[in-house]
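Written out below as structure tokens is the structure these notes cover.
Number of protein chains: 2
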Amino acid sequence: MTRPVIAIHGGAGTLSRAELDGARERELLAALEAALAAGADVLERRGSSLDAVERAVRVLEDSPLFNAGRGAVFTAAGTVECDACIMHGPTLAAGAVAAVHGVRNPVSLARLVMERSRHVFLAGDGAERFARDQGVELMPASYFHTDSRWQALQRVRAGAKASDGERHGTVGAVALDDAGALAAATSTGGITGKLPGRVGDSPIVGAGTYANTSVAVSASGDGEVFLRCNAAYRVAALTELVRLTPRLAARRTLLEVKRAGGRGGLIVLGADGTVAMPFTTEGMYRGVRAAGAASRLGIFRGPPR
Amino acid sequence: MTRPVIAIHGGAGTLSRAELDGARERELLAALEAALAAGADVLERRGSSLDAVERAVRVLEDSPLFNAGRGAVFTAAGTVECDACIMHGPTLAAGAVAAVHGVRNPVSLARLVMERSRHVFLAGDGAERFARDQGVELMPASYFHTDSRWQALQRVRAGAKASDGERHGTVGAVALDDAGALAAATSTGGITGKLPGRVGDSPIVGAGTYANTSVAVSASGDGEVFLRCNAAYRVAALTELVRLTPRLAARRTLLEVKRAGGRGGLIVLGADGTVAMPFTTEGMYRGVRAAGAASRLGIFRGPPR
Chain R
1 MTRPVIAIHG GAGTLSRAEL DGARERELLA ALEAALAAGA DVLERRGSSL DAVERAVRVL
61 EDSPLFNAGR GAVFTAAGTV ECDACIMHGP TLAAGAVAAV HGVRNPVSLA RLVMERSRHV
121 FLAGDGAERF ARDQGVELMP ASYFHTDSRW QALQRVRAGA KASDGERHGT VGAVALDDAG
181 ALAAATSTGG ITGKLPGRVG DSPIVGAGTY ANTSVAVSAS GDGEVFLRCN AAYRVAALTE
241 LVRLTPRLAA RRTLLEVKRA GGRGGLIVLG ADGTVAMPFT TEGMYRGVRA AGAASRLGIF
301 RGPPR
Chain A
306 MTRPVIAIHG GAGTLSRAEL DGARERELLA ALEAALAAGA DVLERRGSSL DAVERAVRVL
366 EDSPLFNAGR GAVFTAAGTV ECDACIMHGP TLAAGAVAAV HGVRNPVSLA RLVMERSRHV
426 FLAGDGAERF ARDQGVELMP ASYFHTDSRW QALQRVRAGA KASDGERHGT VGAVALDDAG
486 ALAAATSTGG ITGKLPGRVG DSPIVGAGTY ANTSVAVSAS GDGEVFLRCN AAYRVAALTE
546 LVRLTPRLAA RRTLLEVKRA GGRGGLIVLG ADGTVAMPFT TEGMYRGVRA AGAASRLGIF
606 RGPPR
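Read top to bottom, the protein sequences are chains R and A. The first sequence begins at 1 in our numbering and counts up one residue at a time. The second sequence begins at 306 in our numbering and counts up one residue at a time.
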């Protein structure tokens, strides 16, 4: 029996140390802790890693603090469009959605695509039609309105370059259950001021999200570059074909992403329970929790607390 | 100076030998020849591989014989939705569109996403809005109506399993120009009776389409499986990390896809001009032409003619 473990991220490219006051930091850490606890609870009851990553990501989607679900950023058109993906390592089963409006928990819609359709990936209107057919919870536009995200759009519209904290904030989770099964999930609102219909790396199997029998990966960062670099699958290929450890594979992948012009972070979980959470941004909201142990949380450099 | 070469496919999963009469075969071979000639013409005038693959794919999109552009299959809703991707090996620049209606040449729209947006991938309404903004050629629904595709949808709606020839037919091209640059492009209508919004492997960088400085790849087959297997990038990873030849990398990838439950084909072009076009279906419409040489075309097993 494997010792279950879950790791999560709330986005590479955080608020800078200067921007992050104590109250905001406590809020963020509490939200990460709640997501970890929700996922760990599933694992400790001997639930599946697939259930654990979905549960953890739902908590992050429901928080207004992260760029996914409720706290998603605005498109150039002032709308909110979400992308998500979930993947089950043992079977390579996957589900993904992109450019969906009004869905409270895009990660759960992705799971329904995986389990209740013949497809892997649904986008736009078609994904929304599928959501209605499946009876998933829909929310009005007001639910997705957060003032800080709206201000960020106005600054981008006025020609400002969005800060890391404004641009990123994708959430994700990787987990290993007591049966040894890995799973990964990622959910995002994309980038502030994106063109409607823009799809980044998050919902793409092998770019922002990947799981097989060796590793589970969720990414966050400059989505276009992660996509062109097949970042999540690159980590898996380097562990499988070159026998790199998950940590070295993740670091090498981030270097390659950097050479291609992108920054960000990866959370990677190996089949033996080892976790790596490297990033090339100033910080990455992150946390890890093994069964029966306390959570370790982190934002900037240095080991997670 | 490299000797330029272009290879194309019109889909793995052809009509069976029994279904394919002489007249239809001549039509198909003529269309493949026209696409090869269009791409080769670009290369022989010292144009770029990017221009060559776009040109060749446009010819296939304009033919009613292939499942892309004009000849695209129908969704479950009786609509036509197209996906396409184009990628430039030297820079890893890429552009992709999915679930777009009414665009005559989706591959050219993908190229505009690559060159005239900050994004890599646009889907659905947003991609169509971008198409209108860019002034690309739009066509009425009647342009995309082909009787054989409509009949195929009726059979699928009546519960029949679509044949390989009805299910597949994606088109693609890979090319190497005299500057040594590789490029790849893929375009598809997806699968008959698909849910609206369904995205397969074709528009996904690393699944249906990929190019770097070593290989260019375009795939065709069971899209959901190719997507979950990161098929096109898998070929690149096996050549880069395990030093397999493009041919062996492509064959091994198709075996892995088969183990995951999928069939199809790959066209792969190496930086030295070697071409591999393996498939695990009964046939794959395909052709290859090196600068100054005659075209070699093939449908079933045996070397291209």
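The C-beta atom is built at its ideal place from N, Cα and C for all residues, glycine as well.
Enclosing alpha helix (DSSP H) for residue i [first to last residue]
i	result
Tyr538/A	Ala536 to Leu546
Gly39/R	Gly22 to Glu44
Val332/R	Beyond the ends of chain R as shown, which are 1 and 305, falls residue 332/R; an answer cannot be given.
Val156/R	Asp147 to Arg157
Ala436/A	Gly429 to Gln439
Leu254/R	Pro246 to Arg259
N- and C-terminal bounds of the beta strand (DSSP E) containing residue i
i	result
Met589/A	Met589 to Ala595
Val520/A	Val520 to Gly526
Val171/R	Val171 to Leu176
Met419/A	From DSSP, Met419/A is part of no beta strand (DSSP E) but of the alpha helix (DSSP H) over Pro411 to Arg421.
Asp388/A	Cys387 to His393
Ile204/R	Here Ile204/R belongs to no beta strand (DSSP E), and DSSP marks it neither H nor E.
Tyr515/A	Thr514 to Ala516
Leu602/A	Arg601 to Gly603
Same chain only: Cβ atoms within 7 Å of residue i, ignoring 5 sequence neighbours per side
i	result
Phe449/A	Arg375, Ala377 and Val385
Val412/A	Glu359, Val362, Arg363, Glu366, Ala389, Ile391, Ala490 and Ser492
Phe379/A	Val385, Arg454, Trp455, Leu458 and Thr497
Glu332/A	Leu370
Val100/R	Glu81, Cys82, Pro106, Leu109, Ala127, Glu128 and Ala131
Arg251/R	Pro278
Arg305/A	As shown, chain A starts at 306 and ends at 610. That puts residue 305/A outside it, with no answer to give.
Gly394/A	Ala486, Leu487, Ala488, Ala516, Asn517, Thr518 and Ala521
Own chain partners of residue i with C-beta closer than 6 Å, once the 5 adjacent residues on each side are dropped
i	result
Leu549/A	Leu543
Arg591/A	His314, Met582 and Gly603
Ala110/R	Ala84, Cys85, Ile86, Gly95, Ala96 and Val97
Arg104/R	Glu137 and Met139
Ala35/R	Ile8, Ala56, Val59 and Leu60
Ala52/R	Ile6, Gly39, Val42, Leu43 and Ala175
Neighbourhood of residue i by C-beta, 8 Å cutoff - its chain only, sequence neighbours within 5 removed
i	result
Gly566/A	Asp527 and Val530
Tyr515/A	Met392, Ala489, Ala521, Val522, Ala537, Tyr538, Val540 and Ala541
Ala31/R	Gly10, Val59, Leu60, Ser63, Leu65 and Phe66
Arg423/A	none
Thr253/R	Cys229, Ala231, Arg234, Val235, Leu238 and Leu266
Ala291/R	Arg3, Pro4, Val5, Ala40, Leu43, Glu44 and Asp178
Val562/A	Gly526, Asp527, Val530, Phe531, Cys534, Ala536, Arg568, Gly569 and Thr585
Val120/R	Ala94, Gly95, Ala96, Val113, Met114 and Val205
Asp133/R	none
Arg329/A	Leu320
Chain-ordered neighbours of residue i on chain C, where CB pairs are closer than 9 Å
i	result
Val57/R	Among the chains of the structure shown, chain C does not appear; the protein chains present are R and A.
DSSP beta-bridge partners of residue i
i	result
Leu443/A	Val408/A
Ile8/R	Ala173/R and Gly287/R
Thr493/A	Asp388/A
Val504/A	Phe121/R
Val97/R	Ala84/R and Leu122/R
Phe279/R	Gly265/R
Gly575/A	Val520/A
Ala183/R	His88/R and Ala175/R
Of the residues the options, the one placed nearest residue i, counting alpha carbons only
i	options	result
Thr396/A	Thr146/R, Gly22/R and Arg259/R	Arg259/R
Arg351/A	Arg552/A, Gly474/A, Arg606/A and Gly485/A	Gly485/A
Gly102/R	Ser142/R, Ala12/R and Glu282/R	Ser142/R
Thr518/A	Asp506/A, Asp326/A and Ala576/A	Ala576/A
Gly190/R	Ala68/R, Ala294/R and Gly78/R	Ala68/R
Asp147/R	Gly13/R, Asp133/R, Leu269/R and Gly78/R	Gly78/R
Gly474/A	Ala554/A, Arg421/A and Gly588/A	Gly588/A
Leu487/A	Ser354/A, Met306/A, Glu330/A and Ala381/A	Ser354/A
Leu122/R	Ala207/R, Ala160/R and Pro203/R	Pro203/R
Ala317/A	Ala524/A, Gly440/A and Pro551/A	Ala524/A
Ala293/R	Asp21/R, Glu33/R, Arg24/R and Gly22/R	Glu33/R
Ala381/A	Ala463/A, Met306/A, Val547/A and Leu574/A	Ala463/A
Worksheet item: Taking contact to mean at least 3 C-beta pairs separated by less than 8 Å, is the segment 471-485 of chain A in contact with the segment 334-350 of chain A?
Response: Output reads yes: the segment 334-350 of chain A touches the segment 471-485 of chain A.
Worksheet item: Are the segment 500-508 of chain A and the segment 112-130 of chain R in contact at 8 Å, needing three or more beta carbon pairs?
Response: The segment 500-508 of chain A and the segment 112-130 of chain R touch, with no fewer than 3 CB-CB distances between them shorter than 8 Å.
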